[in-house]
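Report on one structure; see the data block that follows.
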Amino acid sequence: MISTITRQVTVLLLAILTIQSVAQKSGSETAENTKISSLLAKMTLEEKIGQLAQFHLWSRNNDVEQLSAVIRRGGVGSFLNAGDRANKEKLQRVAVEESRLGIPLIFGRDVIHGYRTVFPIPLGQAASWNPDLVQKAAAVSAKEATQMGIHWTFAPMLDIARDPRWGRIAESPGEDPFLASAMAAAMTQGFQGDGLADPHTIAACAKHYVGYGAAEGGRDYNTTLIPEHELRSIYLPPFKAAVDAGAATIMSAFNDLNGIPTSGNPFTLRQILRSEWGFDGFVVSDWNSMTEMIPHGFCADEREVAIKALTAGVDMEMVSESYQHHLKGLIESGMLAEKLLDEAVANILRVKFRLGLFENPYPIAYDATVILHPDHLKIARELTAQSLVLLKHDAAVLPIQKTAKTIAIIGPLADSPLDQMGTWTPDGKAEDAVTPLQAFQKAAADYEILYAKGLETPRSSERALFAEAVAAAQKADLAILFVGEDHLISGEARSRAFLNLPGAQEALVAEIAATGTPVVMVILAGRPLTFAPLIDKAAAILYAWHPGTMGGPAIVDVLSGKTSPSGRLPVSFPRTVGQVPVYYNHRNTGRPAPKEMLGIPLGTPEDPKGYVSNYLDADFTPQYPFGYGLSYSSIEYQDLRLSSGKLHPGEALSVSVQVQNNGQYPADEVVQLYIRDRTASVTRPVKELKGFQRISLPAGESRKVTFRFGEQDLAFWNIDMQFTAEAGLFEVMVGSSSADEDLLKEAFELVNDPAD
Ligand code: BGC
Numbered sequence: 001m002i003s004t005i006t007r008q009v010t011v012l013l014l015a016i017l018t019i020q021s022v023a024q025k026s027g028s029e030t031a032e033n034t035k036i037s038s039l040l041a042k043m044t045l046e047e048k049i050g051q052l053a054q055f056h057l058w059s060r061n062n063d064v065e066q067l068s069a070v071i072r073r074g075g076v077g078s079f080l081n082a083g084d085r086a087n088k089e090k091l092q093r094v095a096v097e098e099s100r101l102g103i104p105l106i107f108g109r110d111v112i113h114g115y116r117t118v119f120p121i122p123l124g125q126a127a128s129w130n131p132d133l134v135q136k137a138a139a140v141s142a143k144e145a146t147q148m149g150i151h152w153t154f155a156p157m158l159d160i161a162r163d164p165r166w167g168r169i170a171e172s173p174g175e176d177p178f179l180a181s182a183m184a185a186a187m188t189q190g191f192q193g194d195g196l197a198d199p200h201t202i203a204a205c206a207k208h209y210v211g212y213g214a215a216e217g218g219r220d221y222n223t224t225l226i227p228e229h230e231l232r233s234i235y236l237p238p239f240k241a242a243v244d245a246g247a248a249t250i251m252s253a254f255n256d257l258n259g260i261p262t263s264g265n266p267f268t269l270r271q272i273l274r275s276e277w278g279f280d281g282f283v284v285s286d287w288n289s290m291t292e293m294i295p296h297g298f299c300a301d302e303r304e305v306a307i308k309a310l311t312a313g314v315d316m317e318m319v320s321e322s323y324q325h326h327l328k329g330l331i332e333s334g335m336l337a338e339k340l341l342d343e344a345v346a347n348i349l350r351v352k353f354r355l356g357l358f359e360n361p362y363p364i365a366y367d368a369t370v371i372l373h374p375d376h377l378k379i380a381r382e383l384t385a386q387s388l389v390l391l392k393h394d395a396a397v398l399p400i401q402k403t404a405k406t407i408a409i410i411g412p413l414a415d416s417p418l419d420q421m422g423t424w425t426p427d428g429k430a431e432d433a434v435t436p437l438q439a440f441q442k443a444a445a446d447y448e449i450l451y452a453k454g455l456e457t458p459r460s461s462e463r464a465l466f467a468e469a470v471a472a473a474q475k476a477d478l479a480i481l482f483v484g485e486d487h488l489i490s491g492e493a494r495s496r497a498f499l500n501l502p503g504a505q506e507a508l509v510a511e512i513a514a515t516g517t518p519v520v521m522v523i524l525a526g527r528p529l530t531f532a533p534l535i536d537k538a539a540a541i542l543y544a545w546h547p548g549t550m551g552g553p554a555i556v557d558v559l560s561g562k563t564s565p566s567g568r569l570p571v572s573f574p575r576t577v578g579q580v581p582v583y584y585n586h587r588n589t590g591r592p593a594p595k596e597m598l599g600i601p602l603g604t605p606e607d608p609k610g611y612v613s614n615y616l617d618a619d620f621t622p623q624y625p626f627g628y629g630l631s632y633s634s635i636e637y638q639d640l641r642l643s644s645g646k647l648h649p650g651e652a653l654s655v656s657v658q659v660q661n662n663g664q665y666p667a668d669e670v671v672q673l674y675i676r677d678r679t680a681s682v683t684r685p686v687k688e689l690k691g692f693q694r695i696s697l698p699a700g701e702s703r704k705v706t707f708r709f710g711e712q713d714l715a716f717w718n719i720d721m722q723f724t725a726e727a728g729l730f731e732v733m734v735g736s737s738s739a740d741e742d743l744l745k746e747a748f749e750l751v752n753d754p755a756d
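Position one of the sequence shown corresponds to residue 1 (the numbering used here), numbered consecutively onward.
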């Protein structure tokens, strides 16, 4: 009797607790969970394991019969690169109509910086410092991709990168966590729109989680050693921003992080992602990154891979098949708890439900007008124009003056549509891209155009075409040189130890400059390049990244002055490879170098004064700092004002500055706010970006720009690994780049005691 009563009380208590926890959840979440658990309850072990498998079309040798057989028995949950619409529909019909439970497949694809309308490489998009426009571009990509039956993109790529030798810096949002976080949120929202159930949106995948961009020596796939403090301060924030923006999925990475590969890392995947951030989507491994834990020396065999990856929290396995081969045995033998598998399946089903795949599994009705729609091309042109960074400017040359009646367009990248689209454009088509040469020819009413390639490809060393290029420059009033990298030498596995212009391009620039015709150098590349010896040879330099489909018109818009150049560097440009890594938010050291301290004259006595952190032969500053970029006007910053010298908890400070356009051209300016925490329980960077505003300033006009910030903006990971602000002195800096000479400074104090 007593035991019955106890049992009844326990049941009642449990019921009350359950009701309370259910009541805390939103109605839709509860409905979603009910759908997931009732489906899970019907699934066999094999069907559950099937949901964790992501095949490539190459799996089972692309044999549709064999693939259909696997789908029919519920043996696969997803495909990447599943072919055209018709093929996807065919595979989906088998899943929905012929498998026992009819669970739809989810089709993924690398829609990295555009589908058919290709936008600038992500590093270029970050150079726009315009999250709103980047969001619109991602929405365009989603619209075009859904036409092809794609549900899910493997983007945004959010790996902070401080090393331009690493080829994947092209896909990265750059070196700064604040700017990268803004891009992360923008791209996630752009892809996912107001909700995944909208058939014109796709699920985002924040990748590669995490630290992948810190590969040793810039060699792709290499070891990363990142102390937890640095991981939390620099590498994790963009992922957190994507999760906060609702990113449906996360991709684990290839790298070994502090000795534990990221595709088997419970600290990053379970503790940080799930427990600390509350992520409830699913984690997919990178391509074979799970079984690569064997060569990493972390797992002895596929069986151990399956144990470590599932325990760590990888839900779906891309391409490799360790889950397929081993989970059943591991669970049946009690080596792994079925609960772990159920969690992974639930995470995957949750995203499938959110995408509305159970209701609408097949591709939406095809509308050919969506692909390369004029509105999409317009956004691409605008975003590309805003991504272009003017590094050097001679007012007599740019914008192109009326006196420049004949223009020589020279260089291997002036008319190379495939190259201008850059890395990771599996669906971009060269014939859609408008090259700079084509765009200039279209604007030919304004100029006479002479064209000479100069070099067959950017990598050619053969100088046979130089003479023709020199002759064109001699006849012209202005020579515009399109040089840089072809699309194949940036991107995955495309690390470089030299960062100069490949082939004989430097010699080409030198020969054209020797004609005396003013030279504008336009560099198209997937990474920051080093070109110090060429800077004096060019009157103006425009950095164009790999600009995408509308590269040509956007470049002409900016060179002609129709649009103000307004891109700003999302990453520091080294003077020479030996300086790498060079980044603005470094720590001060105990022996910071004074400015302009170069070399050591012969006969210098041993003198401790010169013992500072510097190179003897290259200075410690970059060639071009983070945040840098010019316009055609001269912009002056003055009158920096802080609302108070003290910031109390719970209050905000405002800082304002007057920005004046002193030139004769309208300008778009990116006003940047940096903060330095002078002293803390751990050493702090010399400055950190905390805000930015893009403003348009007509010629001769002045505008007051105001930022507000509070204690939470000063928080950092302190000595106890807590995210908090510490009282003390701070500097606030506002200006046009991260370089000291471009910033106005004020100081304030964060006080703990409200009475202070
Ligand atoms: C890359 C990922 C990509 C995946 C699928 C891998 O090699 O690292 O970024 O999403 O392939 O194509």
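For every residue, glycine included, the Cβ atom is placed at its ideal position computed from N, Cα and C.
Answer yes or no: do residue i and residue j have a C-beta to C-beta separation smaller than 8 Å?
i, j, result
"P436", "V556", "yes"
"S564", "P698", "no"
"A433", "Q441", "no"
"P553", "R381", "yes"
"V522", "K537", "no"
"Q92", "P361", "yes"
"A165", "A497", "Strictly speaking, residue 165 in this sequence is Arg, with Ala absent from that position. Contact flag set, yes."
"L273", "F279", "yes"
"G629", "L569", "yes"
"E726", "N718", "yes"
"I348", "Q51", "yes"
"L57", "G83", "yes"
"D477", "T403", "yes"
"V655", "F707", "yes"
Secondary structure at residue i, three-state DSSP: helix, strand or coil?
i, result
"I202", "coil"
"K325", "The sequence shown places His at residue 325, not Lys. Residue state, collapsed to three classes: helix."
"R85", "helix"
"F107", "strand"
"S252", "strand"
"V305", "helix"
"A443", "coil"
"D536", "coil"
"G590", "coil"
"V705", "strand"
"K745", "strand"
"V22", "Its pLDDT being 40, under 50, V22 is placed unreliably in this model, and the coordinates cannot settle the point."
"Y221", "coil"
"V314", "coil"
Kindly indicate the opening and closing residues of the beta strand (DSSP E) around residue i.
i, result
"G691", "688-697"
"L451", "Reading off the sequence shown, one finds Tyr at residue 451, where the question assumed Leu. Y451 -> beta strand (DSSP E) spans 448-452."
"V659", "652-661"
"H56", "53-56"
"I512", "Element bounds for I512: not the beta strand (DSSP E) but the alpha helix (DSSP H), 505-513."
"A408", "406-410"
Could you pull the start and end residues of the alpha helix (DSSP H) that residue i belongs to?
i, result
"F353", "338-354"
"M183", "177-192"
"M421", "417-421"
"T146", "131-147"
"D677", "Premise fails: D677 lies in the beta strand (DSSP E), 667-677, not in any alpha helix (DSSP H)."
"G645", "G645 -> no alpha helix (DSSP H), and no H or E assigned at all."
"G768", "Nothing in the structure corresponds to residue 768, since the chain is present only between 1 and 756."
Quick check on the contact list: which residues have their beta carbon closer than 5 Å to a heavy atom of the ligand BGC?
D110, F154, D286, W287
The stretch 456-468 contacting the stretch 170-186, beta-carbon criterion three pairs below 8 Å
no
Does the stretch 132-143 come within contact of the stretch 364-381, defined as at least 3 CB pairs closer than 8 Å?
Yes, the stretch 132-143 is in contact with the stretch 364-381.
Check whether the stretch 106-125 and the stretch 145-157 are in contact - that is, three or more C-beta pairs closer than 8 Å.
yes
Given 8 Å as the limit, is there contact between the stretch 115-127 and the stretch 546-553, that is, 3 or more CB pairs closer than that?
yes
The stretch 244-257 touching the stretch 525-535, judged by at least three CB pairs closer than 8 Å
no
Please determine if the stretch 74-84 and the stretch 380-390 are in contact, where contact requires at least 3 C-beta pairs separated by less than 8 Å.
no
Cβ contact (3+ pairs, closer than 8 Å) linking the stretch 500-518 and the stretch 83-98:
The stretch 500-518 makes no contact with the stretch 83-98: fewer than 3 CB pairs, one atom from each, lie closer than 8 Å.
Pair every Cβ in the stretch 459-471 with every Cβ in the stretch 579-593, then say whether three or more of these pairs are closer than 8 Å.
no
Assess contact between the stretch 679-699 and the stretch 719-739, defined as three or more Cβ pairs (one per stretch) separated by less than 8 Å. Is contact present?
yes
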